[in-house]
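Input: a single structure, listed below in structure tokens.
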Amino acid sequence: MKIFRSCIFFGVLACSAWPQLTHAQHSLAFEGSLGLPSATIQNPDGSLAHYQGISMRGGVSFPLLQWELFAALLTGSVNYLDLSNGANSASQKEFANHLGAGGGLRFQFAKLFVGMDYHIMAARHYSVGIISHALEYSYTSSSYYGGISIPFGSLAVGISYHVSQGVIPSGKTGLSVDSGYEDNLILLNLKWNTGASPGEFLGNLFQ
2 MKIFRSCIFF GVLACSAWPQ LTHAQHSLAF EGSLGLPSAT IQNPDGSLAH YQGISMRGGV
62 SFPLLQWELF AALLTGSVNY LDLSNGANSA SQKEFANHLG AGGGLRFQFA KLFVGMDYHI
122 MAARHYSVGI ISHALEYSYT SSSYYGGISI PFGSLAVGIS YHVSQGVIPS GKTGLSVDSG
182 YEDNLILLNL KWNTGASPGE FLGNLFQ
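Residues 2 to 208, numbered by the numbering used here, are exactly what the sequence shown covers, in order.
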């Protein structure tokens, strides 16, 4: 079902972008994104804990290769998720904060793009109610994504769909087995193209 939803999402993006192909020059760019994640963590008994919340992301990108409508970009980003357990009740609640940084590659064709990211994440879960405790751990996650970005001068707005997966090591949590992690996320993106290379931007910044 998730693959089917992803195919529909990218199909709609392709149809909307195809009539508007333009030659675009990429430069050092800064990005900010906001979205609503849906995350799951596998419990030791095999059941799934479901989480919802908000995600914020800041990033930077610059081109490694450009040719006509195609560009390959190196990306770096900081990712933050604020989550609450979908099973929260009046007597028992669980919340979580995940924060991490990483990088990856993005491939853009006109207004459409796909990419891959790798993040090192630090997480903190805390429960309040009948049982109160806190748990901290770190894990790595890899993600793939795709979307569309529409330029308006030096700014661009867009939307993207991300799927991230990782494994939370049992040695970090004290649980008997490793726990699988996955989140699905639709992000609204705002991008500012500086019109300069990284070297030019830093040179202008310190003139």
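The beta carbon of each residue, even a glycine, is placed where N, CA and C say it ideally should be.
Close-in-space but distant-in-sequence residues of the same chain around residue i (CB under 6 angstroms, 5 per side omitted)
| i | result |
| --- | --- |
| L66 | A73 |
| E137 | R125 |
| P45 | L176, S177, V178 |
| G154 | none |
| V129 | K94 |
| H99 | L82, M122, A124 |
| S34 | R58, L188, N190 |
For residue j and residue i, believed in contact at Cβ under 8 angstroms, the rounded distance
| i | j | result |
| --- | --- | --- |
| G167 | Y182 | 4 angstroms |
| I42 | S92 | Not a contact, Cβ separation roughly 21 angstroms. |
| G196 | S28 | 5 angstroms |
| S209 | A157 | For residue 209 there is no data in the structure shown, the boundaries of the chain being 2 and 208. |
Segment limits, alpha helix (DSSP H) that includes residue i
| i | result |
| --- | --- |
| T195 | Counting along the chain, T195 falls outside any alpha helix (DSSP H), and DSSP gives it neither H nor E. |
Endpoints, the beta strand (DSSP E) within which residue i is located
| i | result |
| --- | --- |
| S161 | 156–169 |
| L35 | 30–43 |
| V61 | 49–68 |
Residues that DSSP places opposite residue i in a beta bridge
| i | result |
| --- | --- |
| L189 | L35, I160 |
| D184 | A40, S165 |
| G148 | F114, S161 |
| T141 | I121, V168 |
| L136 | H126 |
Beta-carbon contacts of residue i that lie in its chain and below 8 angstroms, excluding the five residues immediately before and after
| i | result |
| --- | --- |
| E32 | R58, G59, G60, V61, S62, S78, N190, L191, K192, W193 |
Sequence-distant residues of its chain with Cβ nearer than 7 angstroms to residue i (five each side left out)
| i | result |
| --- | --- |
| G54 | P38, L82, D83, L84, S85 |
| G36 | S56, L186, I187, L188, L189 |
- Ignoring anything shorter than 4 residues or poking outside the segment 70–134, list the alpha helix (DSSP H) runs there in chain order. none
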